[in-house]
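Engineer: Sequential numbering of the sequence shown, starting at 6, is according to my numbering. Cβ coordinates follow ideal geometry from the N, Cα and C atoms, glycine included.
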Amino acid sequence: MKRVILLRFGELYLKGKNRGYFEKVLMNNIKESVKDMNCKFYRSTGRYIVSDYDEIDEITIIDRLKKVFGLVSLSVAIEMDTNLNDIENYIANLKINAKSFRVSVNRADKSFPVQSNDFEKKLGAIICRNNPNLKVKLKDFEKEIVVDIRENGLTYILSEKIACVGGMPLGTAGKGLLLLSGGIDSPVAGYMIAKRGLSIVGLHFYSFPYTSELAKQKVISLAKLLTPYLGHIKLYMCPFTKIQEEIHKNCSPEFMITIMRRIMMKISAKVCELENCKAIITGENLGQVASQTVESLTSTNFSQTEFPIFRPLIAFDKKDIIEIAKQINTYETSILPYEDCCTVFLPKNPVIKPKLDKVIREEEKLNYTQLIDEAMKNLEIIYC
Numbered sequence: 006m007k008r009v010i011l012l013r014f015g016e017l018y019l020k021g022k023n024r025g026y027f028e029k030v031l032m033n034n035i036k037e038s039v040k041d042m043n044c045k046f047y048r049s050t051g052r053y054i055v056s057d058y059d060e061i062d063e064i065t066i067i068d069r070l071k072k073v074f075g076l077v078s079l080s081v082a083i084e085m086d087t088n089l090n091d092i093e094n095y096i097a098n099l100k101i102n103a104k105s106f107r108v109s110v111n112r113a114d115k116s117f118p119v120q121s122n123d124f125e126k127k128l129g130a131i132i133c134r135n136n137p138n139l140k141v142k143l144k145d146f147e148k149e150i151v152v153d154i155r156e157n158g159l160t161y162i163l164s165e166k167i168a169c170v171g172g173m174p175l176g177t178a179g180k181g182l183l184l185l186s187g188g189i190d191s192p193v194a195g196y197m198i199a200k201r202g203l204s205i206v207g208l209h210f211y212s213f214p215y216t217s218e219l220a221k222q223k224v225i226s227l228a229k230l231l232t233p234y235l236g237h238i239k240l241y242m243c244p245f246t247k248i249q250e251e252i253h254k255n256c257s258p259e260f261m262i263t264i265m266r267r268i269m270m271k272i273s274a275k276v277c278e279l280e281n282c283k284a285i286i287t288g289e290n291l292g293q294v295a296s297q298t299v300e301s302l303t304s305t306n307f308s309q310t311e312f313p314i315f316r317p318l319i320a321f322d323k324k325d326i327i328e329i330a331k332q333i334n335t336y337e338t339s340i341l342p343y344e345d346c347c348t349v350f351l352p353k354n355p356v357i358k359p360k361l362d363k364v365i366r367e368e369e370k371l372n373y374t375q376l377i378d379e380a381m382k383n384l385e386i387i388y389c
């Protein structure tokens, strides 16, 4: 008899003939999440199981597994050899801190001598004898005792399901480039798209000395906070000062933000080529600021045509974004008062409905090809 952790996945059931691939990736991600822990992980009769760990490490292991995309829930269970008397003796010693309960038996091993319904009644009676204040309730119960009798001669007894993040296994959708600012939205966008299986490479634009070294460090900290969910992140740091100065010097002020975003996308496309990324991901949210109107987003979209731009937060309310940021522990870092390059040379009246032909005419006042090439030569890579 020993404590184990049972893991459950969700959407993989829908993958048909491709399910094996998705399961393989998920299993590799699970192993990676606990690789430095003293434990075993294996698949047995349709169950994922973590076992042979020190009980003192159980909370840490559970915390890591909860953040593995593809897992929907987990349970700490008692594993024992399937034996009628041993199961009844274990149940007899349970002390249940609740007012109501029910017993559920899953009899996958059809050679077990008692039918599921009969065994549920018998175990329920044993529990009531030893917990006289408990009531049996088949619906709206406080506690459920699950007895899972497997075909391999093992039985698992558990009473709690712990929610995991769900989604699809990280890496099953390829790789994308996340434009990581120092704000609240972009880390959440990275989390949301990774939840659909897209591995993440990061890109941050900085404008030293207009933005401080602390602003740069803030973004590195955000990337590190995402690693429990996204794994280790390769983060590109792109110097953007000269580009912004040239826009400020040569272009109409009201078009500055629009042109800045377009050049960011052109650079992003080049980084995508370097990293074999399939898409660009941003934290943009419809109507939140001047650069996020339909017209502004359309202008940004047409800055490059090689890679789709994914905006996972496009229809989110800000309060919902903040709630997710708090859940994934990025919010407090995101609100630190160190401004990013988007606050440099802000015009008083930015155009909110830019026409593409006018944007292109303004953009052509720059030698942006040379500016982009210079920025690419000075990329810095940080591994988080």
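Identify every residue that forms a DSSP beta bridge with Val108.
Structural biologist: Ile150
Engineer: Report the CB separation of Ala113 from Ile154 in whole angstroms; it is logged as a contact under 8 angstroms.
Structural biologist: 6 angstroms
Engineer: Could you check the C-alpha separation between Ala194 and Ile326 for me, to the nearest Å?
Structural biologist: 9 angstroms
Engineer: Using CA atoms only, rank isn't needed, just tell me which of Lys115, Met265, Leu318 is closest to Ile365.
Structural biologist: Met265
Engineer: Reducing DSSP to helix, strand and coil, say where Ala320 ends up.
Structural biologist: coil
Engineer: Using the three-state DSSP reduction, which class does Ser121 fall into: helix, strand or coil?
Structural biologist: helix
Engineer: Looking only at C-alpha atoms, which of Lys363, Lys353, Thr305, Glu344 sits nearest to Tyr211?
Structural biologist: Glu344
Engineer: Between the beta-carbon of Ile66 and the beta-carbon of Val9, is there less than 8 angstroms?
Structural biologist: no
Engineer: May I ask you to verify whether the segment 293-303 touches the segment 268-284, counting CB pairs closer than 8 angstroms and requiring at least 3?
Structural biologist: no
Engineer: Report the rounded CA-to-CA distance for Glu84 versus Tyr336, giving the unit in angstroms.
Structural biologist: 39 angstroms
Engineer: Which residues share a DSSP beta bridge with Lys239?
Structural biologist: Tyr388
Engineer: Nearest-angstrom Cα distance between Phe315 and Ile189?
Structural biologist: Cα to Cα, the separation comes out at about 17 angstroms.
Engineer: Check whether the Cβ atoms of Leu183 and Ile205 sit closer than 8 angstroms, and answer yes or no.
Structural biologist: yes
Engineer: What does DSSP give as the partner residue(s) for Glu14 in the beta ladder?
Structural biologist: Looking at the sequence shown, residue 14 is not Glu but Phe. Paired residues: Leu76.
Engineer: Where does Tyr215 fall in DSSP's three states?
Structural biologist: Of the three classes helix, strand and coil, the one that applies to Tyr215 here is coil, per DSSP.
Engineer: Can the beta-carbon of Phe46 be found less than 8 angstroms from the beta-carbon of Ile61?
Structural biologist: no
Engineer: What does a CB cutoff of less than 7 angstroms around Asn372 pick up in its chain, not counting 5 residues either side in sequence?
Structural biologist: none
Engineer: Within 8 angstroms, do at least three Cβ pairs link the segment 129-136 to the segment 169-179?
Structural biologist: Under the 8 angstroms Cβ criterion, the segment 169-179 does not count as touching the segment 129-136, having fewer than three qualifying pairs.
Engineer: Alpha carbon to alpha carbon, how far is Ser191 from Gly75?
Structural biologist: 22 angstroms
Engineer: So within the segment 250-322, which uninterrupted beta strand (DSSP E) runs reach at least 3 residues, ignoring any that extend past its ends?
Structural biologist: Within the segment 250-322, complete beta strand (DSSP E) segments of at least 3 residues are found at 284-286, given in chain order.
Engineer: Please return the same chain residues whose Cβ sits closer than 8 angstroms to the Cβ of Leu93, not counting the five positions on each side in sequence.
Structural biologist: Note that residue 93 corresponds to Glu in the displayed sequence, not to Leu. Hits under 8 angstroms: Lys127, Leu128, Ile131.
Engineer: Checking 8 angstroms against the spacing of the C-beta atoms, do Gly15 and Val77 come in under that value?
Structural biologist: yes
Engineer: When the Cα atoms are used, what is the spatial distance from Gln222 to Leu31?
Structural biologist: 32 angstroms
Engineer: Residues in the same chain with beta-carbon distance under 6 angstroms from Lys200, minus the five sequence neighbours each way, listed in chain order, please.
Structural biologist: Phe74, Gly172
Engineer: Between Asn88, Ile248, Cys389, Ile96, which lies nearest to Met381 when the distance is taken from Cα to Cα?
Structural biologist: Closest option to Met381, Cα to Cα, is Ile248.
Engineer: Among residues of its own chain, excluding the 5 on either side of Glu156, which ones have a beta-carbon nearer than 6 angstroms to its beta-carbon?
Structural biologist: Thr50, Ala113, Asp114
Engineer: When you compare only the Cα positions, how much space is there between Thr232 and Asp362?
Structural biologist: 41 angstroms
Engineer: Shortest alpha-carbon distance to Thr246 belongs to which of Ile286, Val81, Lys71, Ile377?
Structural biologist: For the residues Ile286, Val81, Lys71, Ile377, the minimum Cα distance to Thr246 belongs to Ile377.
Engineer: Mapping the DSSP letters down to three states, classify Arg201 as helix, strand or coil.
Structural biologist: The answer is coil: DSSP assigns Arg201 none of H, G, I, E or B.
Engineer: Would Glu289 and Leu302 qualify as a contact pair, given that the criterion is a beta-carbon distance under 8 angstroms?
Structural biologist: yes
Engineer: Per DSSP, which one or two residues make a beta bridge with Glu156?
Structural biologist: Beta-bridge pairing links Glu156 to no other residue.
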